[in-house]
Amino acid sequence: MPHQQNHLTADELDAFLIDKSSALASSHVATCPSCAAMVAADARVVAALRALPMFNPSPAFSDAIMARVRVMAVPVAAAAQVAEPTPRSAAARRRATVALGIGTAGLAAGFAWAMVHPDDALRWSAPAVDSAAHTVWLSLQHLVGGAVAQPWFSTVRDTLASPVHALIASAGMAAVYALALLGLRRLMTEPAPDASW
Amino acid sequence: MTNPTPVEWGALSDQEVVRHAARGREAAYRELIRRYQRPVFSLVYRMVRDRELAEDLTQETFVKVLNAIESYRPEYKFSSWIFKIANNAAIDQLRRRTLSTLSLDGSPHAENAEAVEATTLQIADSSESQLDEVTSRELGSQIERAIGQLRPEYRSCILLRHIDGRSYEEIAEMLDLPLGTVKTYIHRARNELRILLDSTRDRP
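Respectively, the protein sequence lines represent chains A and B. Residue 59 in the working numbering sits at position 59 of the first sequence; the count goes up by one each step and never skips. Residue 357 in the working numbering sits at position 160 of the second sequence; the count goes up by one each step and never skips.
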């Protein structure tokens, strides 16, 4: 923090160059000739840098590059789809929007009705909920029964009976999963070798 | 087969133009060249201080970038990508040039006395002052000369910051440097420029 004894830091000098100096730094500069001179000198350097012109390469520059660039041969029609949606896709989007609107309106109406008639809603929905829960329970039973009947089940159960073994197996599976994710990510983002980040 | 829909290139963001380029529209490639040829060339020119060499390096940069356009990751700025490759090319060139200049007895490949002399160590000349003379008409101002005397790392940082207007974070990403290092380089570069300009002004 600047005060009479401590001069401006590099960050505080930077802040002056982009007109974002703090009130404390400004008050310090107002009373410190050394820092005021530093700020003024930096401002002069930056102004000189900003005033430097851009240079143009030779007129044939663009063509020389294009002669060495491999433009992918994509069918023109496919490229056209990038710019604007085709009428067909626009119509499909309209249909999807209408369907979504009807569905949302139906759901909203059903919800409103259930709020107004909660007893009827519960009475009518209870059998369906019971039936769904029963189906889920049967599926679960079937799944577990199938697994228990497998010849490898007893070996796995004995191995995982120990908490340490279970922990090691979980950690191993998590590591394999993480490695697979990393590998997949790397494959998907691999840049060209000579233009890498 | 229909013609591609006309595109108002100027209204598109870099990301959108790159997307068109990745789908094979030559006009998108040309738009990217049009947008970046001046800033990239100017940066490289100020780094290597040789117009012909700068043009070659800038061309190489564009060819690399445009031929790898499919690998562009839109989460990064396109400008950061192209400036990074351009800066790397310029820094590599400066390192090669320094190495080739630092031969006490001339190049072992020199075939005659002139070649030996040409490749012999020039102590007071980091190889850039000669080029400064060649390019003195364009890079002749005091500030340009002062930039030419900075270390390459300082030079790229200060150019990217105060001429191209890049943020510290962008520069750190482009140059693969920690943020603190970038700040230090820029601060030191400004100090050196100030001293160089003051000494030029004081000279009779």
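Glycine included, every Cβ here is placed at the ideal spot set by N, Cα and C.
Contact criterion: CB-CB distance below 8 Å. Does residue i meet it with respect to chain B?
| i | result |
| --- | --- |
| proline 57/A | yes |
| alanine 10/A | yes |
| leucine 187/A | no |
| leucine 49/A | yes |
| arginine 199/A | No answer is possible for residue 199/A: the residues shown for chain A start at 1 and end at 197. |
| aspartate 42/A | yes |
| isoleucine 18/A | no |
| valine 45/A | yes |
| serine 62/A | yes |
| leucine 52/A | yes |
| isoleucine 214/A | The requested residue 214/A is not part of the displayed model; chain A covers only 1 to 197. |
Tell me whether residue i sits in a helix, a strand or coil according to DSSP, three-state version.
| i | result |
| --- | --- |
| valine 116/A | helix |
| glutamine 346/B | coil |
| lysine 380/B | helix |
| isoleucine 392/B | helix |
| lysine 261/B | helix |
| isoleucine 341/B | Inspection of the sequence shows that residue 341/B is occupied by glutamate rather than by isoleucine. Helix, per DSSP. |
| glycine 221/B | coil |
| asparagine 6/A | coil |
| proline 59/A | coil |
| glutamine 81/A | Any reading at glutamine 81/A is ruled out, since the residue's pLDDT is 48, under 50, leaving its predicted position unreliable. |
| proline 163/A | helix |
| leucine 229/B | helix |
| valine 148/A | helix |
| alanine 251/B | helix |
| aspartate 289/B | helix |
| leucine 374/B | coil |
| tyrosine 269/B | coil |
| lysine 274/B | coil |
| alanine 51/A | coil |
| glycine 362/B | coil |
| isoleucine 368/B | helix |
| cysteine 32/A | coil |
| arginine 44/A | helix |
| threonine 316/B | Because the pLDDT of threonine 316/B is 44, which lies under 50, any placement of that residue in the model is unreliable, and the number read from its coordinates should be weighed accordingly. The answer is coil: DSSP assigns threonine 316/B none of H, G, I, E or B. |
| serine 125/A | helix |
| valine 76/A | Low per-residue confidence applies at valine 76/A: pLDDT is 48, beneath 50, and the placement is therefore not dependable enough to give any value. |
| glutamate 213/B | helix |
| proline 203/B | coil |
Is residue i close to chain A? Criterion is C-beta to C-beta, closer than 8 Å.
| i | result |
| --- | --- |
| glutamate 350/B | no |
| glutamine 346/B | no |
| threonine 397/B | no |
| serine 364/B | no |
| valine 214/B | no |
| valine 379/B | no |
| isoleucine 340/B | yes |
| serine 210/B | no |
| valine 331/B | With a pLDDT of only 47 at valine 331/B, under 50, the local geometry of the prediction cannot be trusted, and the value read off the model is given with reservation. Chain A, which has no Cβ nearer than 8 Å to the Cβ of valine 331/B, makes this no. |
| asparagine 256/B | The sequence given here places glutamine at residue 256/B; asparagine does not occur at that position. It does: the Cβ of glutamine 256/B has a partner Cβ on chain A nearer than 8 Å. |
| leucine 245/B | What sits at residue 245/B in the sequence shown is valine, not leucine. Valine 245/B does not count as touching chain A. |
| glycine 221/B | yes |
| serine 276/B | no |
| asparagine 264/B | yes |
| arginine 292/B | no |
| isoleucine 368/B | no |
| isoleucine 320/B | Residue confidence is low: isoleucine 320/B scores 38 on pLDDT, short of 50, so the model does not pin down where it sits. Its coordinate-derived value is still stated next. No, isoleucine 320/B does not count as interfacial toward chain A. |
| serine 326/B | Because serine 326/B carries a pLDDT of 48, less than 50, the predicted location of this residue cannot be relied on, and the following value inherits that uncertainty. No - not a single Cβ of chain A is within 8 Å of the one on serine 326/B. |
| proline 402/B | The structure shown does not extend to residue 402/B, since chain B is modelled only from 198 through 401, so no value can be given for it. |
Taking C-alpha atoms, which residue in the options lies nearest to residue i?
| i | options | result |
| --- | --- | --- |
| isoleucine 18/A | Ser364/B, Ala287/B and Phe280/B | Ser364/B |
| tyrosine 351/B | Asp361/B, His384/B, Gly377/B and Ile360/B | His384/B |
| glutamate 389/B | Ile340/B, Ile279/B and Thr378/B | Ile340/B |
| glutamine 290/B | Val245/B, Glu367/B, Ile282/B and Pro271/B | Val245/B |
| aspartate 63/A | Glu267/B, Leu229/B, Asp247/B and Phe280/B | Leu229/B |
| aspartate 361/B | Arg294/B, Gln234/B, Glu223/B and Leu393/B | Gln234/B |
| serine 277/B | Arg293/B, Pro236/B and Arg243/B | Pro236/B |
| asparagine 285/B | Arg348/B, Arg294/B, Phe275/B and Thr258/B | Thr258/B |
Please tell me whether residue i and residue j are closer than 8 Å, where the distance is taken between their beta carbons.
| i | j | result |
| --- | --- | --- |
| valine 215/B | tyrosine 269/B | yes |
| leucine 254/B | alanine 287/B | yes |
| arginine 227/B | methionine 66/A | yes |
| arginine 391/B | valine 45/A | yes |
| valine 241/B | alanine 251/B | yes |
| aspartate 11/A | arginine 387/B | no |
| glutamate 408/B | alanine 219/B | Outside the displayed span of chain B (198 to 401) sits residue 408/B, for which this structure offers no information. |
| alanine 147/A | leucine 160/A | no |
| leucine 394/B | alanine 343/B | yes |
| serine 27/A | histidine 7/A | no |
| alanine 40/A | alanine 25/A | no |
| valine 260/B | valine 156/A | no |
| alanine 201/A | alanine 112/A | Outside the displayed range of chain A (1 to 197) lies residue 201/A, so it cannot be described from this structure. |
For residue i, would you say it is in contact with chain C, using Cβ-to-Cβ distances shorter than 8 Å as the test?
| i | result |
| --- | --- |
| tyrosine 233/B | In the structure shown, chain C does not exist; the protein chains are A and B. |
- the region 45–65 of chain A / the region 210–223 of chain B touching (three or more Cβ pairs under 8 Å): no
- Message: Below 8 Å, how does it come out for the region 368–378 of chain B and the region 352–360 of chain B: are there three or more Cβ pairs, yes or no?
- Response: yes
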